[in-house]
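Colleague: Throughout the sequence shown, residue numbering follows mature numbering (1 follows the signal peptide of the UniProt record, and there is no 0), covering -19 to -1, 1 to 225 in sequence. All C-beta atoms in this analysis are idealised placements derived from N, C-alpha and C, irrespective of residue type, glycine included. Take this structure, written in C-alpha cells, and hold onto it; I'll ask about it next.
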Amino acid sequence: MNRLLLAAASLMLPSLASANTFSVHCPIGCPENPEGNHQVFTHIYGMSMSPETKFANWVAYEVTPQNFGVSPGRNWDHNEAIPSDIVMEEKDYSGSWKALGVDKGHMAPLAAFANNPYWYETNYISNITPQKSALNQGPWEELEAAIRKGATYESPFYVVTGSLFEKKMPALPKADESHKIPSGFYKLVYNAKGEGVAFIMEQDSGRSDNYCAKQVSISELSGRVGYVLPSVEVDAEMVKRVGC
C-alpha cells in the first residue's frame, strides 16, 4: 500500500486492515486499522472506530505547547464523518456515573488542545469512552499532565491512546444499543525518532495510584492490543521526560 500523508481535514478511509497509513498525527506510521473498523482523521487526531464495541480502538495525536490553554468547555457532539450506528450517543451515558462510577473520558484529551481552533473535535462522542472516575481523575489525568509538561516546541510528543477489551465489563445502564466497555486503556508516547514509553491502566486503578508504576514494555503492549502499533523502542530519556 502506498504511504499516505493525510490532510488534517476530516476524512474517512476504507475499513480494510492497514498498518501503512502515515499522518501528521502519527508521522512514523499510524496503528493498524483493524478489519471492519472505520479509520477517521480530523484536524487534530486520527482514530480507528469499532462497530462492534462502539468505541475507538485507538486515537493518535500530537502534543505540543502551542495547543495548550484554558479549557473552553465540554459541548458534546457527533462527528459526521462516522456512521451514527457505530458510535454511542450522549444520552447513552445517562445515569452511568451513579450506576457504574464512570466519567466521560477523552481519548485525545481536551487539555492538550484547549488553544487549538479545532478543540471542539475532542468533544465528539466518538472520542469519548466510559472511564472509572478514580482512574480518569487519578493516574490517567496525572499521566496526561506529565505528557503536556514534558512536551516542548522543539520536541513535541506523539501519543496513541487506546482501549483494551480483556474482560467483560458492566454495560451503560441507559444505552439503547449493544456495546462493550473497555476493561483498560493504554498510552504509547513517543518522539519523531520512534523513541518512547508505554503505559497500561486497568479500569479498577486506584485514584492515588502512581502512573509511573503503570509503565509496561512496548512488547507487552503490542502483544495485548491485537493490532500493529507504530515501531517504537523504549528510551530512558523519554521515560524521564514524562516524569518517571
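1) Among the candidates CYS225, TRP78, GLU70, GLY82, whose CA atom is the shortest distance from the CA of GLU125?
2) So, with DSSP's three-state summary, where would you put GLY165?
3) Measure the C-alpha to C-alpha separation of MET28 and ASN38 and round it to an integer number of angstroms.
4) I believe ASP58 touches TYR105 by the beta-carbon criterion, under 8 Å. Please report the beta-carbon distance rounded to the nearest angstrom.
5) If I measure Cβ to Cβ from SER186 and keep anything under 6 Å in the same chain, skipping five residues before and after, which residues do I get?
6) Starting from the N-terminal side, write out each stretch of the beta strand (DSSP E) that is 3 residues or longer and does not extend beyond the region 60 to 144.
7) Quick check on ALA173: buried or exposed, where buried means 16 or more other Cβ atoms within 10 Å of its Cβ?
8) Pull the bridge partners of ASP58 from the DSSP assignment, please.
9) Output needed for LYS148: all residues of its chain with C-beta closer than 6 Å, excluding positions within five of it in sequence on either side, in chain order.
10) Do THR23 and TYR139 have their C-beta atoms within less than 8 Å of each other?
11) Below 7 Å, is the gap between the Cβ of PHE94 and the nearest heavy atom of the ligand ADP?
12) How far does the alpha helix (DSSP H) with VAL206 in it extend, from its first residue to its last?
13) For SER144, which residues of its own chain have a beta-carbon under 7 Å away from its beta-carbon, when the five flanking residues on both sides are left out?
14) Looking only at C-alpha atoms, which of ALA152, ASN97, ILE9 sits nearest to PRO46?
15) According to the Cβ coordinates, are ALA95 and VAL40 closer than 8 Å?
16) May I ask which residues mark the beginning and end of the beta strand (DSSP E) holding VAL44?
17) Alpha carbon to alpha carbon, how far is TYR74 from ARG55? Give it in angstroms, no decimals.
18) Measuring CB to CB, does LYS85 end up less than 8 Å from GLN184?
Modeller: According to the structure shown:
1) In the sequence shown, counting from the first residue as 1, residue 125 sits at position 144. Answer by Cα proximity: CYS225.
2) Counting from one through the sequence shown, the residue named residue 165 turns up at place 184. If DSSP states are grouped into helix, strand and coil, GLY165 belongs with the strands.
3) Within the sequence shown, the letter at position 47 stands for residue 28. Within the sequence shown, the letter at position 57 stands for residue 38. Straight through space, the alpha carbons of ASN38 and MET28 are spaced by roughly 8 Å.
4) In the sequence shown, the residue the question calls residue 58 occupies position 77. In the sequence shown, the residue the question calls residue 105 occupies position 124. Correct: roughly 6 Å between the Cβ atoms.
5) In the sequence shown, residue 186 corresponds to position 205, counting from 1. Counting only Cβ-Cβ distances below 6 Å, and skipping sequence neighbours, we find LEU116, PRO120.
6) Here the runs fully enclosed are 83 to 87, 109 to 113.
7) Translated into the one-based positions of the sequence shown, residue 173 becomes position 192. Exposed, because fewer than 16 other Cβ atoms sit within 10 Å of the Cβ of ALA173.
8) As a first step, residue 58 must be located in the sequence shown, where it is residue number 77. Per the DSSP secondary-structure output, ASP58 pairs in a beta bridge with TYR105.
9) By 1-based counting over the sequence shown, the position of residue 148 is 167. Only SER164 meet the Cβ criterion.
10) Taking the sequence shown and counting its residues from 1, the one referred to as residue 23 is at position 42. Taking the sequence shown and counting its residues from 1, the one referred to as residue 139 is at position 158. The answer is no: Cβ separation not under 8 Å.
11) Absent from the structure shown: the ligand ADP. Ligands present: none.
12) Reading the sequence shown from its first residue, position 225 is the one you call residue 206. Start and end: 199 to 206.
13) Within the sequence shown, numbered from 1, the residue matching residue 144 stands at position 163. Around SER144: PHE36, ALA37, ASN38, THR110, PRO163, PHE166.
14) For this step, residue 46 is matched to residue 65 along the sequence shown. That would be ASN97, whose Cα lies nearest to the Cα of PRO46.
15) Indexing the sequence shown from 1 puts residue 95 at position 114. Indexing the sequence shown from 1 puts residue 40 at position 59. Cβ distance not < 8 Å, so ALA95 and VAL40 don't count as in contact.
16) On the sequence shown, position 63 is the one that residue 44 refers to. VAL44 -> beta strand (DSSP E) spans 37 to 44.
17) Residue 55 sits at position 74 when you count from the first residue of the sequence shown. Residue 74 sits at position 93 when you count from the first residue of the sequence shown. If I take the Cα positions, the gap works out to 14 Å.
18) Counting from one through the sequence shown, the residue named residue 85 turns up at place 104. Counting from one through the sequence shown, the residue named residue 184 turns up at place 203. Against a cut-off of 8 Å, the Cβ pair of GLN184 and LYS85 comes out as no contact.
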